[in-house]
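Asks: Residue 11 is where the sequence shown starts when you use our numbering, and the numbers rise one by one after that. We put the beta carbon where it would ideally sit given N, CA and C, even for glycine. Here the structure is a predicted model, which means the values were calculated and not measured.
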Amino acid sequence: MNQLALKLFLTKYYDLVFVFILLLIFSIFLFLSKSSLTNRINLILSKIPIKFLLFTFLVIGFIVRLYGITNPLADWHSFRQSDTASVTRVYLEDGLNLLYPRYHDYSTTQSGMFNLQGFRFVEFPIYNAAHFFLIRLFPTYSLEVWGRLLSIFSALVSAYIIFLIGRRFISKWGGLFSAFFYLFIPFNIYFTRVILPEPMMVTLALLALWSFIQFIDSDKTLYLLGAVIFMALALLIKPYAIFYTPPLFYLVSQKIGIKKILGQKRLLAAGLLTIVPFVLWRIWMQNFPEGIPFWQWTLNGDNIRFKPAFWYWLFGERITKLILGYWGLIPFAFGIMVYKKTRVFFYFLLLGMLLYMGVIATANVRHDYYQTIVIPSISLVLGAGVIEMWNLKVFNKLAVRGILIFSLLMLFLVGFFQVKEFYKINHPEIIAAGDAVDRLTPKDAVIIAAYNGDTAFLYQTRRKGWPVVDRPINELIERGVQYYVSVNLDHPQTREFMNEFIVIEKTEKYVVIKLSNDK
């Protein structure tokens, strides 16, 4: 009710809100022009422990991610979230077995082969194992809530590590601002409260980075071992974690020189140990080809790499508009342009992200959640850019700081208006239909939840089966399919099945059909 009232107020009095924002910005400009006041604020801030501010940001970052946490799994990218959540659900139903991850989709959609065991060999199920134990230990919350909370916890750890990295290469305030951006960029707020393994992978990759930085600074093998463990786990979740490694090579080259790297047995052994678990997992996966989704398309399946559309979508629509809200480019540019030797680390991190988007070109263009991986590098560069703009002495201080504040306000405002659509449940009918299937059919029923191959609908039914009719219905019946449910009542296929088979329940939103000729 409060959200509705706020929405009505903003809709009716948007002009007053706009004037208020302008007055607020103007007041900030006037405030900044008073050097005595600015000095007083700086004095106050200097007395506040930086970790207290960081803790405050982490708490607020946690709170803002709770929005919509109990929503059904039918929001943005629900198809991919459903696949991840489905693995955990099968673990809850059949028991935990990390070597045999399975989910509810039996169709040929993912691999081109029948998958009647429901194998799901993508990432090693570290995320799902943690998800499973959280639900078992604290069953008060639902599977969906715990899945989102797990990603939120990962994001909070990531923010803290970003603070440490920023403090190491910028300053304590640079680290704080970097963590702030990671926590509050609207794009990242949404994509670090989803049921996907990416947030956990980012956390592990950042932990590996920080452990390796500590190893470089102290030369203690324990830190190197930590880097190996964290990066090995990150690679098991997503091999894309490999693109976090360019700054590691830079750090090593700075300490011992490029020519001496091959002579460092300790480092070579660490590199080998890092990739061995990933290689073993990939070898094991080959025993279950029906459970390995098509993946070659992610590289350059539509030949879009480096074509005009590639640059437009990734650097125009995604990074510039969706993530930085256009205006965030200003502090981001300052973070890149102002060269300092201590920040070359960031250039190599950005290089890794550019390689990532270039190699995994098609997937990055098609799906915005792939850019979750690049947010830490963007946050660190933004943190550096804010520090440089605030301390800039070449131009008028008031003008530069005013532009900085306005840019940051627009970053969050434009980003918010883009991302707020992600939370919406655009097709609530699949939830109602899923509840009907759960109520009307046996728990072990095999069904078709026709939704053009999108498994989000199948997930809502809590049953195993097909998300699409991918071959003659009689062949699917022979393979064990017993029920058909659809939310598209006007589809010719749905009408055909309603005439041919037994309609169990039909409403304005959905129809549930028993695939039997015994009318």
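Evaluate residue 488 with the Cβ neighbour count: other Cβ atoms within 10 Å of its Cβ, from every protein chain shown; 16 or more gives buried, anything less gives exposed.
Replies: Mapped onto the sequence shown, residue 488 falls at position 478. Counting other Cβ atoms within 10 Å of its Cβ, residue 488 stays below 16 and is therefore classed as exposed.
Asks: Pick helix, strand or coil for residue 522, following the three-state DSSP scheme.
Replies: Your numbering for residue 522 matches position 512 in the sequence shown. If DSSP states are grouped into helix, strand and coil, residue 522 belongs with the strands.
Asks: Between residue 366 and the rest of its own chain, which residues show a CB-CB distance below 8 Å, the 5 nearest in sequence each way excluded?
Replies: If you number the sequence shown from 1, residue 366 lands on position 356. Only 250, 253, 374, 383, 384 meet the Cβ criterion.
Asks: Quick check on the burial criterion: 16 or more other C-beta atoms within 10 angstroms. Buried or exposed for residue 108?
Replies: Here residue 108 refers to the residue found at position 98 of the sequence shown. Answer is exposed; the Cβ neighbour count stays below 16.
Asks: Give me the Cβ distance between residue 244 and residue 287, rounded to the nearest whole Å; I'm assuming they're in contact under 8 Å.
Replies: To locate residue 244, count along the sequence shown from 1; it is residue 234. To locate residue 287, count along the sequence shown from 1; it is residue 277. Actually they do not touch by this definition, with Cβ atoms about 11 Å apart.
Asks: Taking 7 Å as the limit between beta carbons, can you name the residues of its chain near residue 260, skipping five residues before and five after?
Replies: For this step, residue 260 is matched to residue 250 along the sequence shown. For residue 260, where only same-chain residues beyond five positions count, the Cβ hits under 7 Å are 354, 355, 358.
Asks: Let me know the alpha helix (DSSP H) ranges lying completely inside the segment 213 to 260, each 4 residues or longer, listed in chain order.
Replies: 231 to 247
Asks: Is the CB-CB distance between residue 181 and residue 388 below 8 Å?
Replies: By 1-based counting over the sequence shown, the position of residue 181 is 171. By 1-based counting over the sequence shown, the position of residue 388 is 378. For residue 181 and residue 388, no; Cβs fall outside 8 Å.
Asks: Out of 124, 211, 173, 143, point me to the one whose CA is closest to residue 490's CA.
Replies: Residue mapping note: residue 490 aligns to position 480 of the sequence shown, counting from 1. Checking every option, the nearest Cα to that of residue 490 belongs to 124.
Asks: May I ask which residues mark the beginning and end of the alpha helix (DSSP H) holding residue 475?
Replies: The residue given as residue 475 occupies position 465 in the sequence shown. It is not in any alpha helix (DSSP H) - residue 475 instead sits in the beta strand (DSSP E) that spans 474 to 476.
Asks: In the segment 91 to 137, which residue ranges form an unbroken beta strand (DSSP E) of at least 3 residues, counting only runs that do not cross its ends?
Replies: none
Asks: In terms of DSSP beta bridges, what is residue 459 paired with?
Replies: Taking the sequence shown and counting its residues from 1, one reaches residue 459 at position 449. Answer is 495.
Asks: Which residue wins for smallest C-alpha separation from residue 434, given the options 503, 469, 134, 77?
Replies: Taking the sequence shown and counting its residues from 1, one reaches residue 434 at position 424. Ranking 503, 469, 134, 77 by Cα distance to residue 434 puts 77 first.
Asks: Grab me the residues of residue 449's own chain with a C-beta within less than 7 Å of its C-beta, minus the 5 sequence neighbours each way, in chain order.
Replies: The residue given as residue 449 occupies position 439 in the sequence shown. Excluding sequence neighbours, residue 449 sits near nothing in its chain.
Asks: In the DSSP assignment, find the unbroken beta strand (DSSP E) run with residue 515 in it and report its ends.
Replies: Here residue 515 is taken as the residue at index 505 of the sequence shown, counted from 1. Element bounds for residue 515: 512 to 516.
Asks: Skipping 5 residues on each side, what residues in its chain have a beta carbon closer than 6 Å to that of residue 215?
Replies: By 1-based counting over the sequence shown, the position of residue 215 is 205. Only 244, 251, 254 meet the Cβ criterion.
Asks: Under a Cβ-count criterion, where at least 16 other Cβ atoms within 10 Å of its own Cβ denotes burial, should residue 70 be classed as buried or exposed?
Replies: Residue 70 sits at position 60 when you count from the first residue of the sequence shown. Residue environment: residue 70 is assigned as exposed (fewer than 16 neighbouring CB atoms within 10 Å of its CB, all protein chains considered).
Asks: Would you mind sorting residue 403 into buried or exposed? The rule is 16 or more other CB atoms within 10 Å of its CB.
Replies: Numbered from its first residue, the sequence shown carries residue 403 at position 393. Residue 403 should be labelled exposed.
Asks: Among residues of its own chain, excluding the 5 on either side of residue 513, which ones have a beta-carbon nearer than 7 Å to its beta-carbon?
Replies: As a working mapping, residue 513 is identified with position 503 in the sequence shown. Hits under 7 Å: 521, 523.
Asks: Quick check: the Cα distance between residue 518 and residue 438, rounded to an integer number of angstroms?
Replies: As a first step, residue 518 must be located in the sequence shown, where it is residue number 508. As a first step, residue 438 must be located in the sequence shown, where it is residue number 428. Distance between the alpha carbons of residue 518 and residue 438 is about 13 Å.
Asks: Tell me which same chain residues have a C-beta within less than 8 Å of the C-beta of residue 262, skipping the five on either side of it?
Replies: For this step, residue 262 is matched to residue 252 along the sequence shown. Hits under 8 Å: 226, 271, 274, 277.
Asks: Please classify residue 378 as buried or exposed, where buried requires at least 16 other C-beta atoms within 10 Å of its C-beta.
Replies: By 1-based counting over the sequence shown, the position of residue 378 is 368. It counts as buried.
Asks: For residue 500, which three-state DSSP category applies?
Replies: Along the sequence shown, read from residue 1 onward, the residue named residue 500 stands at position 490. Residue state, collapsed to three classes: coil.
Asks: What separation, rounded to the nearest whole angstrom, lies between the Cα atoms of residue 429 and residue 265?
Replies: In the sequence shown, counting from the first residue as 1, residue 429 sits at position 419. In the sequence shown, counting from the first residue as 1, residue 265 sits at position 255. Taking the straight line from one Cα to the other gives about 42 Å.
Asks: Helix, strand or coil: how does DSSP classify residue 11 here?
Replies: As a working note, residue 11 is residue 1 in the sequence shown. With a pLDDT of only 45 at residue 11, under the threshold of 50, the placement of this residue in the model should not be trusted; the figure read from the coordinates follows. If DSSP states are grouped into helix, strand and coil, residue 11 belongs with coil.
Asks: What does the Cβ neighbour count give for residue 340, buried or exposed, with the cut at 16 atoms within 10 Å?
Replies: If you number the sequence shown from 1, residue 340 lands on position 330. Under this definition residue 340 is a buried residue.
Asks: How many whole angstroms separate the CB atoms of residue 471 and residue 447, which I take to be in contact at a CB cut-off of 8 Å?
Replies: Looking up residue 471 in the sequence shown gives position 461. Looking up residue 447 in the sequence shown gives position 437. Between residue 447 and residue 471 the Cβ distance is about 4 Å, and since that is below 8 Å, they are a contact.
Asks: Just curious, the alpha helix (DSSP H) that residue 296 is in, first and last residue?
Replies: Numbered from its first residue, the sequence shown carries residue 296 at position 286. Counting along the chain, residue 296 falls outside any alpha helix (DSSP H), and DSSP gives it neither H nor E.
Asks: Please classify residue 349 as buried or exposed, where buried requires at least 16 neighbouring CB atoms within 10 angstroms.
Replies: As a first step, residue 349 must be located in the sequence shown, where it is residue number 339. Residue 349 should be labelled exposed.
Asks: Which residue's Cα is closest to the Cα of residue 144: 426, 312, 101?
Replies: As a working mapping, residue 144 is identified with position 134 in the sequence shown. It is 101 whose Cα lies nearest to the Cα of residue 144.
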